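Single-structure report; data block below.
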Amino acid sequence: DARVTQTPRHKVTEMGQEVTMRCQPILGHNTVFWYRQTMMQGLELLAYFRNRAPLDDSGMPKDRFSAEMPDATLATLKIQPSEPRDSAVYFCASTGGQGYNEQFFGPGTRLTVL
Amino acid sequence: GDSVTQMEGPVTLSEEAFLTINCTYTATGYPSLFWYVQYPGEGLQLLLKATKADDKGSNKGFEATYRKETTSFHLEKGSVQVSDSAVYFCALSENTGGFKTIFGAGTRLFVKA
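From first to last, the protein sequence lines are chains A and B.
Just so you know, we're using this note's numbering here: the first sequence kicks off at 1 and counts up by one.
Just so you know, we're using this note's numbering here: the second sequence kicks off at 1 and counts up by one.
Structure (structure tokens):
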């Protein structure tokens with residue numbers, strides 16, 4: 001069945017390193033979201049795209065985070081340089097915009113920055 | 001702006017107990033309302049939804065009714081199981097084509113055998 005996939009599932013890196021997370025939305029979905037989840041802040045919306053164009057990235061720290069959709073089957077979230085406070089689970093979700101706006105979430109990337 | 005407020009957890013219940021998780025919302029328009037569930041180590045998944053006032057969403061024994069007059073969408077289940085232990089998120093999405101969803105803070109449920 002159709003699912004959102006994310007890679008890597010786990011990433012451990014050292015402070016200052018670049019981190020790239022990838023997401024493959026469900027085929028045919030035209031809206032992709034990036035979320036960050038931590039115990040302290042809960043679920044935060046970082047950015048989202050419609051038809052590969054960024055619609056809102058106000059939740060993302062601009063100095064170190066960047067999000068792109070090189071094509072309709074790939075979304076990327078990059079952190080450069082990474083910091084320990086970036087440690088979190090990052091989720092990608094997609095929706096096709098049909099019906100009632102249900103979002104389909106990927107399994108997440110658990111990032112640990114030492 | 002739009003917002004969702006849900007009861008703080010954790011909620012701890014014994015198996016077969018009755019569950020209520022309260023959720024209220026603030027919205028400028030007529031949103032769709034959702035409950036999502038997150039099991040350990042997984043992403044969120046849709047549990048149930050309601051798209052207009054007085055609609056009742058239901059799935060896996062859970063149900064919630066869209067109450068416009070009280071701006072509420074409380075989640076209920078008559079008899080919980082250990083397998084229901086998870087985090088539950090109430091959410092809304094305005095039906096304006098933007099598809100952005102506002103999530104509540106989540107309520108963790110523990111069910112004891």
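Heads up, the beta-carbon is just placed ideally off N, CA and C, and yes, glycines get one too.
No experiment lies behind these values; they were computed from the predicted model shown.
Gly106 (chain A) at chain B interface by Cβ criterion, 8 Å: yes
In chain A, what lies closer than 8 Å to Gly106 (chain B) by C-beta? Gly42, Leu43
Per-residue contacts from Glu42 (chain B) into chain A (C-beta, under 9 Å): Phe105, Pro107, Gly108
For Leu109 (chain B), which residues in chain A fall below 7 Å Cβ to Cβ? By Cβ distance, chain A contributes nothing, its closest Cβ being about 16 Å from Leu109 (chain B), past 7 Å.
If you compare alpha carbons, which of B:Thr26, B:Ser3, B:Ala17 is closest to Lys68 (chain B)? B:Thr26
What would DSSP say about Val82 (chain B), mapped onto helix, strand or coil? helix
By DSSP, does Arg85 (chain A) sit in helix, in strand, or in coil? helix
Tell me whether the beta-carbon of Thr62 (chain A) lies closer than 8 Å to the beta-carbon of Glu18 (chain A). A small fix is needed here, since residue 62 (chain A) is Lys in this sequence, not Thr. Cβ atoms of Lys62 (chain A) and Glu18 (chain A): not closer than 8 Å.
Taking DSSP as the reference, what is the three-state secondary structure of Ser58 (chain A)? coil
What does Asn101 (chain A) touch in chain B if you count any residue whose Cβ is under 8 Å from its own? Ser32, Ser93, Asn95, Phe99, Thr101
Shorter than 8 Å from the beta carbon of Lys49 (chain B) to some beta carbon of chain A? yes
Contact set between Gln81 (chain B) and chain A, taken where Cβ atoms lie within less than 9 Å: Ordered by position in chain A, no residue passes the 9 Å Cβ test against Gln81 (chain B), which lies about 23 Å from the chain.
Per DSSP, Ile102 (chain B) forms a beta bridge with which residues? Beta bridge pairing from DSSP links Ile102 (chain B) with B:Leu92.
Buried versus exposed call for Gln6 (chain B) [16 or more other C-beta atoms within 10 Å across all chains shown]: buried
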